[in-house]
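Residue numbers (the numbering used here): 2 to 316. The beta-carbon is built from N, C-alpha and C at its ideal position, and this holds for glycine as well. In this text the structure is predicted, and so the values were computed from the model without any measurement. A short write-up of the structure that comes next.
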Amino acid sequence: MTTLCIDELLLRWAEELGFADCGVAKAHTMTDAMRDFRESINRGFHGDMAYLEKNQDIREDPSLLLPGVKSVICLLAPYRQSEKKQPGCPSVASYAWGEDYHDVIKKKLREIVRRMKIEIPELEARVFTDSAPLLERLWAREAGLGFIGKNGLLISKKQGVHNLIGIILVNVEMKYSGSIVRDGCGKCRQCLDGCPTGALTAPYIMDARRCISYQTIESKRVYEEEEFKVTHSGYIFGCDACIEACPWVNKGRYTTWPEFSPLYSPGHDKKMVEFSPEDWAGLCEDDFKEIFKNSPLKRAGISKIKNNLEKLIST
2 MTTLCIDELL LRWAEELGFA DCGVAKAHTM TDAMRDFRES INRGFHGDMA YLEKNQDIRE
62 DPSLLLPGVK SVICLLAPYR QSEKKQPGCP SVASYAWGED YHDVIKKKLR EIVRRMKIEI
122 PELEARVFTD SAPLLERLWA REAGLGFIGK NGLLISKKQG VHNLIGIILV NVEMKYSGSI
182 VRDGCGKCRQ CLDGCPTGAL TAPYIMDARR CISYQTIESK RVYEEEEFKV THSGYIFGCD
242 ACIEACPWVN KGRYTTWPEF SPLYSPGHDK KMVEFSPEDW AGLCEDDFKE IFKNSPLKRA
302 GISKIKNNLE KLIST
């Protein structure tokens, strides 16, 4: 099996499994990028997310995750939704409408590795999706899949801003993707102007402590009314404000992955995106665990989400 053949097969498999795009970057240390990352940590922009302070050596050097790594395969999972949230319903970030993307994407990545090992028996590989200290968006940029927007997200010319990134580290040389686009936003600043809390303090710089997504999911604090930013947005889990403000928001196909379809609650006879404030408030812990057992909402938990809801409806 030649390198060219495995590259062609990789693209075919990615398409068959529903990925929006696929590219490969040559593995190397991310020394320059880590300077910006460490500066953000030093300024406290990560808030309560202490895990970001750890494993910085691994984040810089992917060979610490897979000794002998030669290539970083990057794949884009499309999650753009054709359905819309019902008016008057509390908002949940659209990546969290369906099943937990970590599990869904990893299953597909493992299938690609299985197929690759048939062609290359000596292959060694590891798969990740937002599950290890990797600079995933920067690797995807190096793999030719898009550019980094001023909101810090990967923007794909094929799929716009609705992308989740899967990574496969492999110990074989492959055909590497083309040139890197370093400034695809030009003079546009719609995401900065569209953030209701000023979390984007400058182009490419995010102060997570101001971010609605951070406050509704990760923050361990219970915010006082004047501090709690959810009241500006209507979100009780996550936030899509900087995505919705981006001119690339309507680019790309709608997801066809059934796992990303809005979760349905038989007890309510409706989808999660149709839940009213009363539906959310009436959830008991057992109901929450049953409906959202495979959902990203588990990360916040029912107590955090109800606290977010209380802050929202109090205004």
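Please list the terminal residues of the continuous beta strand (DSSP E) segment that includes Pro91.
Per DSSP, Pro91 belongs to no beta strand (DSSP E) and is neither H nor E.
Is the stretch 167 to 181 in contact with the stretch 260 to 272, if contact means three or more CB pairs nearer than 8 angstroms?
Two segments are said to touch when three or more pairs of C-beta atoms, one from each, lie closer than 8 angstroms; by this definition the stretch 167 to 181 does not touch the stretch 260 to 272.
Identify every residue that forms a DSSP beta bridge with Ala200.
Per DSSP, Ala200 has no beta-bridge partner at all.
Assuming Val25 and Ala126 form a contact by the criterion Cβ under 8 angstroms, report the distance between their Cβ atoms to the nearest whole angstrom.
13 angstroms between Cβ atoms; not a contact.
If you count every other CB in all the chains shown that lies within 10 Å of the CB of His29, and 16 or more means buried, which is it?
exposed
If I measure Cβ to Cβ from Pro297 and keep anything under 6 angstroms in the same chain, skipping five residues before and after, which residues do I get?
Ala97, Asp101
Inspect the beta-carbon positions of Asn309 and Thr217 and report whether they are closer than 8 angstroms.
yes
With 16 as the cutoff for other CB atoms within 10 Å, does Arg161 come out buried or exposed?
In the sequence under discussion, the amino acid at residue 161 is Gly, which differs from the Arg named in the question. When all chains shown are included, Gly161 counts as buried.
Taking the beta carbon of Cys23 as the centre, do at least 16 other beta carbons fall within 10 Å, making it buried, or is it exposed?
buried
Opposite Lys307 in the DSSP bridges: which residues?
Its beta-bridge partners do not exist; DSSP assigns none.
Checking the sheet assignment: what are the DSSP bridge partners for Asp22?
Leu77
Tell me where the beta strand (DSSP E) around Phe289 begins and ends.
Here Phe289 belongs to no beta strand (DSSP E); instead the alpha helix (DSSP H) covers 286 to 292.
Using the three-state DSSP reduction, which class does Gly268 fall into: helix, strand or coil?
Coil.
Where do the N-terminal and C-terminal ends of the beta strand (DSSP E) with Tyr236 fall, by residue?
From DSSP, the beta strand (DSSP E) with Tyr236 extends over 236 to 238.
Might you give, ordered along the chain, the residues of its own chain that have their beta carbon closer than 7 angstroms to the beta carbon of Arg142, omitting 5 neighbours on each side?
Phe148, Ile149, Leu155, Ile181
Give me the residue from Ile314, Ala21, Asp270 with the minimum Cα distance to Gly235.
Ile314
Are Leu65 and Ile59 close, meaning C-beta to C-beta below 8 angstroms?
yes
Who are the near neighbours of Ser220 in its chain, counting only those whose CB is closer than 7 angstroms to its CB and skipping five residues on each side?
Gly48, Asp49
Let me know the secondary structure DSSP gives Arg13 once reduced to three states.
helix
Does DSSP put Asn43 in a helix, in a strand, or in coil?
helix
Can you list, in chain order, the residues of its chain whose CB lies under 8 angstroms from that of Leu317, leaving out five sequence neighbours each side?
Summary: the structure shown does not reach residue 317, with the chain confined to residues 2 through 316, and so no result is reported for it.
In its own chain, which residues sit with a C-beta less than 6 angstroms from the C-beta of Pro134, not counting the 5 before and 5 after it?
Correct list, in chain order: Asn56, Ile59, Arg60.
Roughly how many whole angstroms lie between the Cα atoms of Lys294 and Lys307?
17 angstroms
Can you give me the Cβ contacts of Ile237 inside the same chain, cut-off strictly under 8 angstroms, excluding the 5 residues immediately before and after it?
Setting aside the 5 residues that flank it on each side, Ile237 is surrounded in the same chain by Pro91, Ser92, Val93, Thr217, Val231, Trp281, Ile306, Asn309, Leu310, Leu313, each with a C-beta closer than 8 angstroms to its C-beta; the list follows chain order.
Which partner residues does Leu165 have in the DSSP bridge list?
DSSP, once it has assigned bridges, lists Ala78 as partnering Leu165.
Taking the alpha carbon of Ile119 as the point to measure from, which residue in Ile7, Lys290, Trp258 has its own alpha carbon closest?
The shortest Cα separation from Ile119 among Ile7, Lys290, Trp258 belongs to Ile7.
In this structure, does DSSP put Ala1 in helix, strand or coil?
Residue 1 is absent from the model: the chain starts at 2 and stops at 316.
Tell me the rounded alpha-carbon separation between Glu123 and Pro278.
54 angstroms
What are the boundary residues of the alpha helix (DSSP H) that Val114 is part of?
102 to 120
Just to confirm my understanding: we take Glu86, look at its own chain, exclude 5 residues before and 5 after, and list those with CB closer than 7 angstroms. What are they?
For clarity, residue 86 is Lys in the given sequence; the question names Glu instead. Excluding sequence neighbours, Lys86 sits near Ser92, Val274.
Hey, out of Asp270, Glu245, Val250, Cys285, whose CA is closest to Pro197's CA?
Glu245
Following the continuous alpha helix (DSSP H) through Arg142, name the residue where it begins and the one where it ends.
137 to 143
What first and last residue would you give for the beta strand (DSSP E) that runs through Ala126?
126 to 129
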